[in-house]
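Protein chains in written order, with the numbering used here: chain D, 1 to 111; chain C, 1 to 112. Here the structure is laid out as structure tokens; the discussion comes afterwards.
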């Protein structure tokens, strides 16, 4: 039973527009959330994280929003660039170092 | 200057064989992990070692045996390979207590 779900396997966005990637989780005990970005033939690389004591964290063009009551988080990329085209994984944890990952959303940013 | 490296990158083998995947990190981390990315693309943790000691052991068949000769290495040995073992296996590392994990490029295992 998957505790972290990314229900959109793919997303296509025009360059310069906003990309919104969504993630849902079922375990209310999760207290830390991350987004990873993965290019083909490479391992995932850390992008941005958020603790459950916050509802927003921003890093440049990337912002993660957390809605604990809805058990939902989202990653906003503004403006989207072709180099952002990759698979994005969300992950959640309730104990240090043990993370549950979603199945990823493939983002395609069209020039 | 690769941070987390895995060998081999691709592994094709027959059912019933025994194979190993090696992982090394040069980041000075004390915790290492093995993940399996299955056909549905979920990344699932299999094992975690901290300072050569097993700290996470998910429900994984005992045909899978991790071995950590030192803090910089965590190898994965798989006995009696089955078709369902076909997947991409990722190694990762971190400092214990840090939430950011650094991943290797993955090993695509195909069992025929």
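Where is the CB? At the ideal position from N, CA and C, for every residue including glycine.
Discussion item. Our contact map puts residue 27(D) next to residue 6(D) with C-beta atoms below 8 Å; I'd like the distance itself, whole angstroms only.
Written reply: Between residue 6(D) and residue 27(D) the Cβ distance is about 15 Å, and since that is not below 8 Å, they are no contact.
Item to complete: Return the chain-ordered list of same chain residues with a C-beta closer than 7 Å to the C-beta of residue 67(C), the five sequence neighbours on each side being excluded.
Response: 75, 77
Discussion item. Residues of chain C with CB closer than 8 Å to the CB of residue 88(D), please, in chain order.
Written reply: Residues of chain C passing the Cβ test: none, with the nearest at roughly 12 Å.
Worksheet item: Comparing the C-beta of residue 111(D) with each C-beta of chain C, is any distance below 9 Å?
Response: no
Worksheet item: Where residue 99(C) and residue 66(D) are concerned, what is the direct C-alpha to C-alpha distance, given to the nearest angstrom?
Response: Each residue's Cα considered, the two are about 17 Å apart.
Fill in: Interface partners of residue 137(C) on chain D, CB under 8 Å
Only positions 1 to 112 of chain C appear in this structure, which leaves residue 137(C) out of reach.
Worksheet item: In chain order, what residues of the same chain lie with their CB nearer than 6 Å to the CB of residue 35(C), ignoring the 5 residues before and after it?
Response: Excluding five sequence positions before and after residue 35(C), the CB atoms of its chain that fall closer than 6 Å to its own CB belong to 43, 45, 90, given in chain order.
Worksheet item: residue 53(D): beta carbon under 8 Å from a heavy atom of the ligand ZN?
Response: In terms of ligand content, the structure shown is empty, and the ligand ZN therefore cannot be addressed.
Practice prompt. Give me the Cα-Cα distance between residue 73(C) and residue 73(D), rounded to the nearest whole angstrom.
Written response: 34 Å
Worksheet item: Would you say residue 25(D) faces chain C, with C-beta separation under 9 Å as the test?
Response: no
Practice prompt. Could you confirm whether any beta carbon from chain C is found closer than 9 Å to the beta carbon of residue 93(D)?
Written response: Flagged as an interface residue toward chain C: residue 93(D), by a C-beta distance shorter than 9 Å.
Worksheet item: Using the rule of at least 16 other Cβ atoms within 10 Å of the residue's Cβ for burial, across every protein chain shown, is residue 104(D) buried or exposed?
Response: buried
Worksheet item: If you follow the beta strand (DSSP E) that residue 108(C) is part of, which residue opens it and which one closes it?
Response: From DSSP, the beta strand (DSSP E) with residue 108(C) extends over 107-111.
Fill in: Proximity below 9 Å, CB of residue 32(C) to CB of residue 71(C)
Taking 9 Å as the Cβ cut-off, residue 32(C) and residue 71(C) qualify as a contacting pair.
Worksheet item: Exposed or buried, what is residue 104(C) when buried is set at 16 or more other beta-carbons lying within 10 Å of its beta-carbon?
Response: Counting the other Cβ atoms within 10 Å of the Cβ of residue 104(C) gives 16 or more, which makes it buried.
Worksheet item: Who are the Cβ neighbours of residue 94(D) in its own chain at under 7 Å, not counting the five residues just before and after it?
Response: 27, 29, 30, 31
Discussion item. Is there a Cβ of chain C sitting closer than 9 Å to that of residue 97(D), yes or no?
Written reply: At least one chain C Cβ lies under 9 Å of residue 97(D).
Worksheet entry | Beta-bridge partners of residue 67(C), as assigned by DSSP | Listed as beta-bridge partners of residue 67(C) by DSSP are 75(C).
Fill in: Spatially closest choice to residue 10(D) from 16(D), 2(D), 4(D), 20(D), by CA coordinates
Checking every option, the nearest Cα to that of residue 10(D) belongs to 20(D).
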